[in-house]
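Peer 1: This structure is in structure tokens; I'll ask about it shortly.
Numbering (my numbering), first residue to last: 407 to 852.
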């Protein structure tokens, strides 16, 4: 299994890039920490409490962090992204899923016809969080996927938007309880649902093409088969049969069967639930992310779809290189502070700086944090370049550049990555080979 997670609190995870696989390769099962002396070292405690209280009010007063995320979690996005034609469906052959409504955050609140109960039991928070975007779900005990398996009858971590997409829309499946169970299995066995679901989507396309057969997979695996999703999840978690091949990820799986073009990856990491044909900035985000395709390094969806901090046109390529750079730098600063990235729906660096400045030595300002973020991004780029990555790796799957969106507001569009990338390098202060210029490194003290 090349995409194992590091799981904490039963159903939260450092989910991407196979960091759990690295632990396993080192024969490291877990890390446990126990504190006994409390927290100390706050530079100015009164100022810190004032800054954090003010920042918490900003979160509470914001429509996303104060209302949308607490009520619907990240699943608040399912219907939104589907309606704008940016939901990658059936291995990105389509950009809208006809069953999106059935697996949305709204659907999780609705009572089932079978037992009169809702999929969602309650929301939940990570320690100390005032947003509480997490989902706790429970499926119908008589659902076919768990009827004879009581260990999945209890309430536990429910579907996030990415998981509902990767296990659902990416494979054409709209059975909410079945997706919840598949997600439980991913949590239980520490599998990255984004990579896993996207890999299943590639396998289903290979099956549809006749490249893979029922005998090879062990089950009929057409798009839309909830039974196939459950069985492939189980065989992958157990490392048996075709599950061993699914555990390699889509890049290696599709290459083995002669169709590498069916792997929806950047730098061999599967991209998440935003189609670059419908949200142009996300295509540039995926292509330039330092850890392979990732939405959490530059979430331009905030600007292009939600209008945070300003509204930009999701179909336009103009201005996106500068937008992506700004998001990447700010996100790197937030990540290095240990602060949840979801706060950035409401906060800017101007909200983070007073908290850090009160807590830590160093004279923290928004400008200094932006420079820290830029420095981090360039250091990571230097690491990747030294590891052998080049500008050729800053690219998207050919499907996204040659097969236009079939439906929705982005109908007829492809990704404009080839137009945006040269300008991105220029905005970054890199040469056209994707290497930071000497002047850039000197300015950042690298």
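Glycine included, every Cβ here is placed at the ideal spot set by N, Cα and C.
(1) Would you kindly work out how many angstroms separate the C-alpha atoms of residue 773 and residue 739, rounded to a whole number?
(2) Could you give the DSSP three-state label for residue 544: helix, strand or coil?
(3) Does DSSP put residue 836 in a helix, in a strand, or in coil?
(4) Which residue from 561, 696 and 649 puts its Cα closest to that of residue 627?
(5) When you compare each of 748, 848, 849 and 602 to residue 531 by their alpha carbons, which one comes out closest?
(6) For the stretch 475–482 against the stretch 583–591, are there 3 or more C-beta pairs whose distance is under 8 Å?
(7) Mapping DSSP to helix, strand and coil, what is residue 563?
(8) Is the beta carbon of residue 841 less than 7 Å from the beta carbon of residue 790?
(9) Between which two residues does the alpha helix (DSSP H) carrying residue 582 extend?
(10) For residue 500, list the residues DSSP reports as bridge partners.
(11) Answer yes or no: do residue 624 and residue 578 have a C-beta to C-beta separation smaller than 7 Å?
(12) Over what stretch of residues does the alpha helix (DSSP H) that includes residue 658 continue unbroken?
(13) Helix, strand or coil: which one does DSSP assign to residue 555?
(14) I'd like to know if the stretch 464–475 and the stretch 435–448 are in contact, where contact means that at least 3 CB-CB pairs between them fall below 8 Å.
(15) First and last residue of the alpha helix (DSSP H) that includes residue 600?
(16) Looking at residue 683: is its Cβ nearer than 7 Å to the Cβ of residue 695?
(17) Out of curiosity, what's the CA-to-CA distance linking residue 848 and residue 583?
(18) Pull up the distance between the alpha-carbon of residue 593 and that of residue 654, whole angstroms please.
(19) Taking buried to mean at least 16 other C-beta atoms within 10 Å of its own C-beta, is residue 838 buried or exposed?
(20) Rounding to the nearest angstrom, what Cα-Cα distance links residue 851 and residue 517 in this structure?
(21) From the DSSP secondary-structure annotation, give me the bridge partner or partners of residue 829.
(22) Quick check on residue 676: does DSSP put it in helix, strand or coil?
(23) Does the Cβ-Cβ distance between residue 822 and residue 745 come in under 7 Å?
(24) Decide if residue 449 is buried, meaning its Cβ has at least 16 other Cβ atoms within 10 Å, or exposed.
Peer 2: Quick answer:
(1) If you take the alpha carbons of residue 773 and residue 739, they lie about 11 Å apart.
(2) DSSP, reduced to helix, strand and coil, places residue 544 outside both helices and strands of the structure shown, so it counts as coil.
(3) Strand at residue 836.
(4) Minimum Cα distance to residue 627 is reached at 649.
(5) When the alpha-carbon of residue 531 is set against those of 748, 848, 849 and 602, the nearest one is in 748.
(6) No: the two stretches stay apart, fewer than three of their Cβ pairs being nearer than 8 Å.
(7) Strand.
(8) No, the Cβ-Cβ distance between residue 841 and residue 790 is not below 7 Å.
(9) Where residue 582 is concerned, the enclosing alpha helix (DSSP H) stretches over 582–595.
(10) As DSSP reads the structure, residue 500 sits in a beta bridge with 495.
(11) No; because the gap between Cβ atoms is not below 7 Å, this pair is not in contact.
(12) Counting along the chain, residue 658 sits inside the alpha helix (DSSP H) bounded by residues 656–662.
(13) Of the three classes helix, strand and coil, the one that applies to residue 555 here is coil, per DSSP.
(14) Contact fails: fewer than three Cβ-Cβ distances are below 8 Å.
(15) Going by DSSP, residue 600 is part of the alpha helix (DSSP H) stretching over 599–615.
(16) Cβ atoms of residue 683 and residue 695: not closer than 7 Å.
(17) Rounded to whole angstroms, residue 848 to residue 583 spans 54 Å at the Cα level.
(18) Distance between the alpha carbons of residue 593 and residue 654: 18 Å.
(19) By the C-beta density criterion, residue 838 is exposed, having fewer than 16 other C-beta atoms within 10 angstroms.
(20) Rounded to the nearest angstrom, the gap between the Cα atoms of residue 851 and residue 517 is 57 Å.
(21) Per the DSSP secondary-structure output, residue 829 pairs with nothing in a beta bridge.
(22) DSSP, reduced to helix, strand and coil, places residue 676 within a strand of the structure shown.
(23) The answer is no: Cβ separation not under 7 Å.
(24) With a threshold of 16 other beta carbon atoms within 10 Å, residue 449 falls short and is exposed.
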